[in-house]
Amino acid sequence: MSKTKLSTIKDLLGEDYVVPGTPLCAGCGALIILRLFHKVLGGRVVWVNAAGCVTLMMVYPFAPLKSSWMYTAMACAPAGAQGIRDALDILIEKGRIPIEEDLKVVVVTGDGAANDIGLQSTSGAIHRGLDFYYLCYDNEAFGNTGFQYSAATPYGSRTATSPPTPLIPEGYRGTKKDLFEIWRAHKPPYVATISPSHPMDVVRKIEKAEKYRGPKLFISLSPCQPGWLIDTMDAIKVAKLAVETGVWPLKEAVYGEVRHTFIPRRLKPVEEYLKIQGRFSHLFYPVKRDDVIAKIQSEVEEYWRAVYAREIGKEDAGIS
Amino acid sequence: MLIYARFHGRGGQGVKTASRILGNAAHFEGYYTQDFPIYGAERRGAPVVAFTRISDEPTPIPERGYIFNPNLIILADESLLNDPIVNPISGLQNSGTLFINTSKPVDKIFINRDDVRIVVEDLIDLSLKYVGKPVLSTSLGAVAAKLTGIIRWVSLEEGVKEELLEIGIRGEMLEKNILLAKACFERVYPTPLPIPKLAEPRKIVKINWMPVDLTIPEIRNVGNTRVRKTGNWRIFKPILNPEKCTRCGICVIYCPEGVITMTDNGLEIDYDNCKGCLICFNECPVKAFNYIREVEAA
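Here's what the structure looks like:
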């Protein structure tokens with residue numbers, strides 16, 4: 085696929101590199117983003133996958149990808165990517181494969197591997213300047229094992245290990261780890277957050293990232309029907325609301341310089357995002373927990389005040 | 447009297463909860479009981495198995511582990527009946543009971559056994575009617591409780607309440623589920639179940655040394671999942687109205703499975719693999735999609 089052509093949705097309808105029949109859940113958000121990512125990167129890709137939901141695509145003897153794929157343990161996907169990158173570089177240098185047969189190395193992990201278990205090997209790979217892509221599909225918990233909380237779980241979410249109880253009625257009490265800022269602190273060439281609901285934003289970010297040599301990192305929101313307790317058909321709707329309410333800002337950082345690619349003209353109230361998800365239903369029923377909702381809202385507003393001030397020059401531009 | 451019940455279904459249908467509802471009901475009836483699922487990676491739509499053992503004898507249940515010789519099988523999804531990997535009727539005892547959740551009448555069900563009793567009921571229809579969602583946990587549990595023949599309605603009601611409260615279903619939804627359980631409980635009638643055979647002790651298989659390249663699986667035939675036909679996961683079938691379609695391509699991008707392709711003649715949907723998530727229906731900007739229940743489409 086030629087890179088100059090991708091200007092509208094219609095340019096993305098060409099060859100698909102992920103075939104149907106995967107054993108992932110119906111409506112899986114991670115699969116939407118993986119399919120789109122693969123389409124933009126093209127066919128010459130090798131995926132390095134740490135243990136997670138997406139690993140289940142490959143159940144021996146079936147493989148839905150038309151490209152190559154390698155499985156690693158949860159902690160060491162970027163280390164696996166380093167090995168593949170080095171091997172490809174050596175083969176090209178020795179003339180054993182022509183340079184046109186070079187592959188893009190893409191790490192794909194869930195938020196569990198990205199935020200906790202695999203953070204050190206990612207940090208090492210970014211520090212070494214490894215030339216690779218990293219796609220983290222963030223469903224805000226360990227979805228594959230039954231939705232236990234991870235470091236990416238937001239405040240107030242119900243998970244298998246943080247159920248709302250009379251003692252802790254708000255569910256998960258911790259806060260979401262800011263992986264974007266952790267990665268940005270390494271000053272890699274490119275870090276971005278993406279959402280499956282905004283495909284053209286994803287396309288532009290990948291096209292931009294392709295120009296740089298070094299780590300190119302992406303964090304994608306990934307709606308998870310069994311964990312978030314939403315209807316299978318609502319995956320995109322929820323992802324859209326996450327962006328429009330400001331819970332999931334779409335941004336990029338080039339060598340540490342942050343820029344927001346989608347600035348909502350007026351932020352929707354977070355309540356709209358929370359109330360269609362079963363994992364936040366305890367904030368609405370049996371008693372509406374206005375204090376918890378207000379806390380989530382104020383955190384979002386605090387973040388956006390700084391963004392509006394920096395990028396528009398007016399602190400409360402989109403806050404009603 | 448021992449009841450060895452095995453539940454087959456797909457992840458997300460409520461098979462595990464059904465086995466727990468049956469276990470709870472038997473417990474409230476005063477019997478010894480065990481209930482447990484086979485746990486793997488949780489995925490909606492993948493085949494799942496759960497078990498319940500019930501004993502009304504004064505001694506505890508003598509067995510542990512998977513049930514290989516059940517006298518009652520509850521099949522939540524008819525599409526699994528002839529699945530060679532799941533093989534849901536394996537080990538069912540002579541004159542045991544096989545319950546199938548299907549919209550077909552009993553004489554349209556074909557299995558290669560003539561010594562078992564087959565019971566059919568369209569529980570999805572009942573669930574949609576009473577609860578509004580195609581979730582089968584309560585209805586399967588209620589049907590299973592009735593088919594054992596030893597559980598009264600009061601115990602089942604307790605069991606349903608206990609289990610659903612635990613997973614956070616309260617208020618109006620709980621009331622609807624109890625009504626559904628009552629309806630299912632009255633729909634079927636039990637016959638005496640055979641006495642289950644206790645499993646023989648298993649032999650320990652010694653695994654010999656193997657070269658390391660044999661133990662690392664490699665898949666060389668890439669892109670072959672299309673043959674797995676995930677179309678049988680579907681409960682609702684999306685239907686495209688080609689006259690309304692503007693060929694914008696939004697559904698092609700948003701379809702997680704990639705079953706919608708743009709051709710020169712418009713959109714084509716690969717129903718062999720469509721899992722029926724209905725994101726296309728929800729996201730189409732001109733509302734060109736509609737959906738119908740799978741049984742009505744067939």
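Note that the protein sequences, when read in sequence, are chains A and B.
Per the numbering used here, the very first residue in the first sequence carries number 85; after that it's consecutive.
Per the numbering used here, the very first residue in the second sequence carries number 447; after that it's consecutive.
Here a beta-carbon is modelled for each residue, glycine too, at the ideal position from N, C-alpha and C.
Among the residues of the region 142–168 of chain A, those with a Cβ less than 7 Å away from any Cβ of chain B are Met-142, Tyr-144, Pro-145, Phe-146, Ala-147, Pro-148, Leu-149 and Lys-150, in the order of the chain. The region 530–588 of chain B contains, as complete alpha helix (DSSP H) runs of 4+ residues, the segments 569–576 (chain order). By the criterion of a C-beta distance shorter than 6 Å, Met-141/A is surrounded in its chain by Thr-106 and Pro-148, once the five residues flanking it on both sides are discounted.
Taking 8 Å as the upper bound for CB-CB distance, Gly-491/B and Lys-721/B are in contact here, some 6 Å apart.
Going by beta carbons, Arg-563/B and Thr-479/B fall outside the 7 Å limit. The beta carbon of Thr-671/B sits closer than 7 Å to some beta carbon of chain A.
Residue contact check for Pro-310/A against chain B: a CB pair falls below 7 Å.
Closest in C-alpha terms to Asn-678/B, from the list Ala-472/B, Pro-493/B and Gly-469/B, comes Pro-493/B. Neighbours of Cys-220/A in chain B, taken as residues whose beta carbon is under 8 Å from its own, are absent, since the nearest beta carbon is some 18 Å off. Fewer than three pairs of CB atoms, one per stretch, sit closer than 8 Å, so the region 151–170 of chain A makes no contact with the region 513–523 of chain B. The three-state secondary structure of Trp-131/A, taken from DSSP, is strand. In the DSSP assignment, Pro-283/A falls within the unbroken alpha helix (DSSP H) covering 283–293. Residue pairing by DSSP places Ser-152/A opposite Val-130/A in a beta bridge.
With three or more CB-CB distances shorter than 8 Å, the region 693–705 of chain B counts as touching the region 113–131 of chain A. Residue environment analysis places Trp-655/B among the exposed positions, since fewer than 16 neighbouring C-beta atoms fall within 10 angstroms of its C-beta.
Of the candidates Lys-462/B, Asn-687/B, Ile-706/B and Leu-544/B, the residue whose Cα lies closest to the Cα of Gly-695/B is Ile-706/B.
Contact annotation for Thr-243/A against chain B: no contact, minimum CB-CB distance about 12 Å [criterion: below 7 Å].
Thr-329/A is not a Cβ neighbour of Ile-303/A, given a cutoff of 7 Å. In this structure the region 452–464 of chain B touches the region 514–533 of chain B; the number of beta carbon pairs closer than 8 Å is three or more. Here Pro-684/B has Ile-715, Cys-720, Gly-722, Leu-724, Cys-726, Phe-727, Phe-735, Asn-736 and Tyr-737 as same chain residues with Cβ atoms under 8 Å from its own Cβ, once five neighbours each way along the sequence are excluded. Of the other Cβ atoms in all chains shown, 16 or more fall within 10 Å of the Cβ of Tyr-450/B; this residue is therefore buried. For Ile-347/A, there is no enclosing alpha helix (DSSP H), as DSSP marks it with neither H nor E. The beta-carbon separation of Ala-323/A and Pro-280/A, rounded to 5 Å, stays under the 8 Å limit for a contact. Beta-carbon to beta-carbon, Pro-348/A and Gly-402/A are separated by about 5 Å, close enough to satisfy the 8 Å threshold.
Within the same chain, Met-158 come within 6 Å of Ala-135/A by CB-CB distance, once the 5 residues on both sides are set aside. Sequence-distant partners of Lys-462/B (beyond 5 residues in either direction) whose C-beta falls short of 6 Å from its own C-beta, in its chain, are Pro-483 and Ala-496.
Within a 10 Å sphere around the beta-carbon of His-211/A sit fewer than 16 other beta-carbons, which makes this residue exposed. Non-local beta-carbon contacts of Leu-172/A in its own chain, meaning distances under 7 Å to residues more than five positions away in sequence, involve Asp-186 and Leu-187 in chain order. Excluding five sequence positions before and after Ile-290/A, the CB atoms of its chain that fall closer than 6 Å to its own CB belong to Val-124, given in chain order. DSSP lists no bridge partner for Glu-356/A. Residue environment: Glu-567/B is assigned as buried (16 or more neighbouring CB atoms within 10 Å of its CB, all protein chains considered).
Contact note: Asp-100/A reaches chain B through Gly-704, using a C-beta cutoff of 7 Å and chain order. Nearest to Glu-524/B by alpha-carbon distance, out of Ile-546/B, Pro-663/B and Thr-498/B, is Ile-546/B.
Here Cys-109/A carries a coil assignment [DSSP, helix/strand/coil]. Setting aside the 5 residues that flank it on each side, Met-317/A is surrounded in the same chain by Gly-111, each with a C-beta closer than 7 Å to its C-beta; the list follows chain order.
Contact of Pro-638/B with chain A by beta-carbon distance below 8 Å is absent, the smallest such distance being about 38 Å.
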